[in-house]
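First residue of the sequence shown? That's 17 in the numbering used here, and the numbers climb one at a time after it. No residue lacks a Cβ here, since even glycine has one placed at the ideal position from N, Cα and C. A short worksheet on the structure shown next.
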Amino acid sequence: MTLLAVDAAEVFRWIDYILVAMICFMFMIVVHELGHYTAGKLLKFKINEFAIGFGPAIFKHKNKKTGEVFSVRCIPAGGFCAFEGEDEEAQSPEAFNAHPVWKRIIVLAAGVTFNFISAIVILNFFFMGYGEAMPQVLATYEYTDGADQLFEEGDVIYSVDGERMYSLLDAYKLNGSVSENGVHEIVVIRGGEFVTIETSRHDYETTATDDYGNEVTTSAHGLGISYALTRYKMGYGEALGRSFTFSGDLVVLTVKSIGQLFTGTAEIGDTMGGTVTAVSALVQLTQSGLPAVAYGVAVLSLSIAFLNILPLPALDGARILFAVIEGIRRKPLNRKVEAVIHTAGLFVFLGLAILFDVLHFFG
């Protein structure tokens, strides 16, 4: 009986994790569609339906004044904001394609913009309240060549030669990339203040105790410090700036990862994933607490924004591209052809999402 009770508790705990992950995922989708909806309302577009999820509706409410339908659908894997005449020639002045190109571009870009803004807001609070992992000096060693050791225990390493240290991987540059003879400018946070150190590599010795209780002295050449990760909490301005640089770093990393697929240095299952992969990642983060969940939501929001701005069929980026081409040509492309392209693109993306999930979990 006790074993069954433990198993049941474990099952319910995992159900909670999955529910939280699904709510987080749907939050990102709703934010995206809310961007389209908000811009559409402000620019006087006629909106037929705002839906959370796909498939048959389990709840519907129609606004008698505007005719807009709000619905919740049974498959919690997406959502949509349906505009009047979105994929056809305009039949009324309120239809999507009856509006000027610049208005349509704003509405199309609003979803990505809302995802990006939400990620920046979340990251800003994350860096202020929880902090970012940065290298901190655990121990210092006196130099044997007579030079002064300028580091102190507890120093948080902020930058090396103007390059920020955002992780332990960056900190490896301290003893790896720092040249043998050059003098380097290293900024540390000491007692809440920024202190600049100009130093270089020197000879030093470390002492440790072996398994038999004997002290063993080892000679080394470097900065004479050991370090580990700590959490550095930022002020509002610094956190906001870091939110933007973090977003840029993530875009660069995403582009590199996609490039590695074409060069053969990475596997699709390791790099790409669909909806199930995203939710699975969130499920794992829910086990680590609220800060980890917030971090994951921000990262996935940025990923959704980056994906949707790509000029690929069915994505916002492609629709923006078609609108730009229409503006240049001063006449639209065939609406039916464009609709077929986007519909085909949607099925391709759904198929790829399933394929990526299968490769991620079983490949």
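As the crow flies, the alpha-carbon of residue 316 is around 8 Å from that of residue 135. Sequence-distant partners of residue 124 (beyond 5 residues in either direction) whose C-beta falls short of 8 Å from its own C-beta, in its chain, are 52, 332, 335, 336 and 339.
Annotation: the continuous alpha helix (DSSP H) that includes residue 324 extends over 306–325. DSSP places residue 242 inside the beta strand (DSSP E), whose first and last residues are 241–248. DSSP assignment within the region 114–182 yields the following whole alpha helix (DSSP H) runs of 4 residues or more, N-terminal first: 117–145.
Taking C-alpha positions only, residue 64 is separated from residue 83 by approximately 7 Å.
When secondary structure is reduced to three states using DSSP, residue 89 falls in the strand class. Here the alpha carbons of residue 72 and residue 246 stand approximately 49 Å from one another. Taken atom to atom, the span from the alpha-carbon of residue 96 to that of residue 252 is near 34 Å. DSSP lists 221 as the bridge partner or partners of residue 235. Between the region 107–119 and the region 342–356, the count of C-beta pairs closer than 8 Å reaches three or more; the two stretches touch. For residue 152, the closest alpha carbon among the candidates 200, 87, 104 and 243 is that of 243. Sequence-distant partners of residue 266 (beyond 5 residues in either direction) whose C-beta falls short of 6 Å from its own C-beta, in its chain, are 318. Distance from the CA of residue 102 to the CA of residue 126, rounded to the nearest whole angstrom, comes to 16 Å. Counting the other Cβ atoms within 10 Å of the Cβ of residue 171 gives 16 or more, which makes it buried.
Residue pairing by DSSP puts residue 206 in a beta bridge opposite 209. Taking C-beta atoms as the reference points, residue 62 and residue 100 count as a pair closer than 8 Å.
Using a Cβ distance threshold of 8 Å, residue 218 and residue 163 count as a contacting pair. Note on residue 355: under 16 other CB atoms within 10 angstroms of its CB, so exposed under the neighbour-count rule. Bounds of the alpha helix (DSSP H) holding residue 342 are 332–345. When the beta-carbon positions are compared, residue 201 and residue 177 come within less than 8 Å of each other. Under the criterion of beta carbons closer than 8 Å, residue 90 and residue 74 qualify as touching, at roughly 5 Å. In this model, residue 211 and residue 205 are separated by some 6 Å (Cα to Cα). Using a Cβ distance threshold of 8 Å, residue 220 and residue 198 do not count as a contacting pair. The beta carbon of residue 108 is closer than 8 Å to those of 62, 100, 101 and 114 in its chain, skipping five residues each way along the sequence. By the beta-carbon neighbour count (other beta carbons within 10 angstroms, threshold 16), residue 329 is buried. With respect to residue 37, residue 70 sits apart: the two C-beta atoms are not nearer than 8 Å.
Within the same chain, 103, 329, 330, 334 and 335 come within 8 Å of residue 358 by CB-CB distance, once the 5 residues on both sides are set aside. DSSP links residue 97 through a beta bridge to 66. Residue 132 places its beta carbon 8 Å or farther from that of residue 255.
Under DSSP, no beta-bridge partner is assigned to residue 82. With a threshold of 16 other beta carbon atoms within 10 Å, residue 79 falls short and is exposed.
Listed in chain order, the non-local C-beta contacts of residue 54 below 7 Å within the same chain comprise 126, local neighbours out to five positions each way being set aside.
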